[in-house]
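What follows is one structure encoded as structure tokens, with my remarks underneath.
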Amino acid sequence: MDFMLLVGTIRIVFEIMDFGSHGTDRSKYRQDLNRGLYLQSQNCLVYYISLDELKENPSFILSVVRNILNPYAAVINVGTSAFERKFCKTERELMRIAIRDNRLIRPIKAARELELDRYTITKYCRSLVDKGKFRPLTKGVSQRITSYEYVGTLQSTDLV
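At position 102 of the sequence shown the residue is numbered 558 (the numbering used here), and the sequence of numbers has no breaks.
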């Protein structure tokens, strides 16, 4: 690992890869891939950068890295290195679950996944409706709320 950035609970890793020796040294290639898999299993976002591309086209690499880091830049308070969070941990997890499941979340399914009571999950979902991140979806004639739709952006800084 060449560089790691910690933003809240998210770990962003940049690996600068020299592919010159991979043609002759298969064990180094295997170790590089295994290291990447291990970092991903530890919930790290791993990005690979070619050393050759970095040398030949640094402006391209710089623009790509800026695009990757841009959603997280607004979260960091430069003066104190503290994070200003609008949402609690459970609310952030509910938003991530909704994004993962095509923007829809069912409180009962989320309660099982987060190992919380369904009424607690419903309370947090209602809170997210009030904050403008979820929209309740009703079902049938009774108009009972059975699920919620995430209406925020996929790269929202609120998820950090």
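We put the beta carbon where it would ideally sit given N, CA and C, even for glycine.
Remember, it's a predicted structure, so these values are computed and weren't measured experimentally.
What does a CB cutoff of less than 7 Å around residue i pick up in its chain, not counting 5 residues either side in sequence?
{"i": "Ile524", "result": "Tyr503"}
{"i": "Gly535", "result": "Any reading at Gly535 needs caution, since the residue's pLDDT is 45, under 50, leaving its predicted position unreliable; the model's value is listed next. No residues qualify anywhere along the chain."}
I need the straight-line Cα distance from residue i to residue j, nearest angstrom please.
{"i": "Arg627", "j": "Ala566", "result": "Here the chain covers residues 457 to 616 and nothing more, so residue 627 does not appear."}
{"i": "Ile564", "j": "Lys579", "result": "12 Å"}
{"i": "Ile472", "j": "Thr465", "result": "23 Å"}
{"i": "Met551", "j": "Asp481", "result": "44 Å"}
{"i": "Phe459", "j": "Leu510", "result": "14 Å"}
{"i": "Val597", "j": "Lys542", "result": "35 Å"}
{"i": "Tyr494", "j": "Cys581", "result": "33 Å"}
{"i": "Thr546", "j": "Asp508", "result": "43 Å"}
{"i": "Gln599", "j": "Glu549", "result": "26 Å"}
Starting from residue i and walking both ways along the beta strand (DSSP E), at which residues does that stretch end?
{"i": "Glu429", "result": "Because the chain in this structure spans residues 457 to 616, residue 429 falls outside the shown range and cannot be described."}
{"i": "Leu572", "result": "Here Leu572 belongs to no beta strand (DSSP E), and DSSP marks it neither H nor E."}
{"i": "Leu462", "result": "Phe459 to Val463"}
Hey, quick one: how far does the alpha helix (DSSP H) through residue i stretch, first residue to last?
{"i": "Arg591", "result": "No alpha helix (DSSP H) holds Arg591; the beta strand (DSSP E) holding it covers Phe590 to Lys595."}
Rounded C-beta distance between residue i and residue j? I'm assuming under 8 Å.
{"i": "Tyr606", "j": "Ile561", "result": "7 Å"}
{"i": "Leu593", "j": "Ser603", "result": "5 Å"}
Can you list, in chain order, the residues of its chain with a C-beta nearer than 6 Å to that of residue i? Leave out the 5 residues immediately preceding and following it.
{"i": "Gly608", "result": "Lys589"}
{"i": "Arg559", "result": "Glu605 and Tyr606"}
{"i": "Ile601", "result": "Pro592 and Thr594"}
With a CB to CB cut of under 8 Å and the five nearest residues on each side skipped, what residues in its chain are close to residue i?
{"i": "Cys500", "result": "Met460, Arg467, Ile468 and Val469"}
{"i": "Glu569", "result": "Ile553"}
Secondary structure, beta strand (DSSP E): runs of 3+ residues fully inside the region 470-558: 500-506
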